[in-house]
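Asker: Numbering (our numbering), first residue to last: 762 to 971.
Here it is, the structure in full.
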């Protein structure tokens with residue numbers, strides 16, 4: 762009996778799409794409405810390797826692709842637990858069409874906030890990995906934010922962890938919050954993801970890595 766393997770909501774060894782993968786992509790700023798865990802897989806022939814969730818967001822701004830409607834629902838899959846974007850009221854999110862559904866591009870998002878000028882921006886880079894990913898593409902600039910522009914600090918993080926993740930140039934740490942001091946427009950954050958992660962996934966002229 763054949764057993765299908767589910768990774769990120771799509772069955773492995775699916776047929777190669779005839780269209781370019783970025784044609785199915787939607788990049789948008791969304792306001793979280795709900796994130797609910799999907800029921801367990803009942804088909805004994807399918808082994809799900811990730812936790813599945815159904816997310817519902819109100820669309821605030823579309824950066825790429827086309828979508829009719831002011832709310833959007835999509836499935837998200839995470840190997841480590843609940844999706845990280847759930848912790849933020851607003852995020853820059855990426856979903857792709859497939860099998861008649863919308864699926865979150867795994868692990869790809871940026872928390873975003875309104876700055877004092879009313880623009881949607883993300884904070885400065887969090888940690889060395891994100892700083893290296895953005896290097897040579899965008900640079901966070903000092904700007905004024907409201908009091909809701911912060912990253913929550915997890916209780917299990919040590920003082921050294923916090924200092925490494927939230928540099929003094931980009932964040933002001935107070936208690937369990939790291940407040941944003943610098944920011945990057947959402948269109949520039951999308952450009953970073955296009956040139957790095959999405960190219961590695963075979964989009965925007967890149968070749969998918971094995």
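All C-beta atoms, glycine included, are put in the ideal place defined by N, C-alpha and C.
Keep in mind that this is a model prediction, so the values were computed, not measured.
Within a Cβ cutoff of 6 Å, which residues of the same chain sit near residue 847, ignoring the five residues on either side of it in sequence?
Answerer: Closer than 6 Å at the Cβ level, and outside the excluded window around residue 847, lie 796.
Asker: Among 789, 815 and 899, which residue has its Cα nearest to the Cα of residue 800?
Answerer: Residue 800 has its Cα closest to that of 815, out of 789, 815 and 899.
Asker: Leaving aside the five residues before and after residue 834 along the sequence, list all residues of the same chain whose C-beta is less than 6 Å from its C-beta, in chain order.
Answerer: Hits under 6 Å: 817.
Asker: For residue 939, report the span of its alpha helix (DSSP H) as first-last.
Answerer: Taken as a continuous stretch (DSSP letters only), residue 939 belongs to no alpha helix (DSSP H), being part of the beta strand (DSSP E) at 938 to 941.
Asker: Report back the beta-carbon spacing between residue 927 and residue 939 to the nearest angstrom; my notes put them in contact at under 8 Å.
Answerer: Going by Cβ atoms, the distance from residue 927 to residue 939 rounds to 4 Å, so yes, they are a contact pair.
Asker: Kindly indicate which residue of 969, 849 and 784 has the alpha-carbon position closest to the one of residue 790.
Answerer: Answer by Cα proximity: 849.
Asker: Apart from the five residues just before and just after residue 930, which ones in its own chain have a Cβ nearer than 8 Å to its Cβ?
Answerer: Excluding residues within five positions, the ones whose Cβ falls inside 8 Å are 885, 942 and 943.
Asker: Helix or strand or just coil, what does DSSP make of residue 819?
Answerer: In the structure shown, residue 819 sits in a strand (DSSP, three-state: E or B).
Asker: Which residue marks the beginning of the alpha helix (DSSP H) containing residue 947, and which one marks its end?
Answerer: Note, residue 947: alpha helix (DSSP H), 947 to 954.
Asker: Taking the straight line between their C-alpha atoms, what separation do you get for residue 821 and residue 879?
Answerer: Taking the straight line from one Cα to the other gives about 12 Å.
Asker: Are residue 873 and residue 887 touching if we call contact CB-CB under 9 Å?
Answerer: Taking 9 Å as the Cβ cut-off, residue 873 and residue 887 do not qualify as a contacting pair.
Asker: Residues in the same chain with beta-carbon distance under 7 Å from residue 898, minus the five sequence neighbours each way, listed in chain order, please.
Answerer: So the qualifying residues of the chain are 952, 953 and 956.
Asker: Buried or exposed: which applies to residue 969, given that a residue is buried once 16 or more other Cβ atoms fall within 10 Å of its Cβ?
Answerer: So residue 969 ends up on the exposed side.
Asker: Given residue 960, which residues of its chain have a CB within under 6 Å of its CB, disregarding the five upstream and five downstream residues?
Answerer: Same-chain partners within the cutoff: 967.
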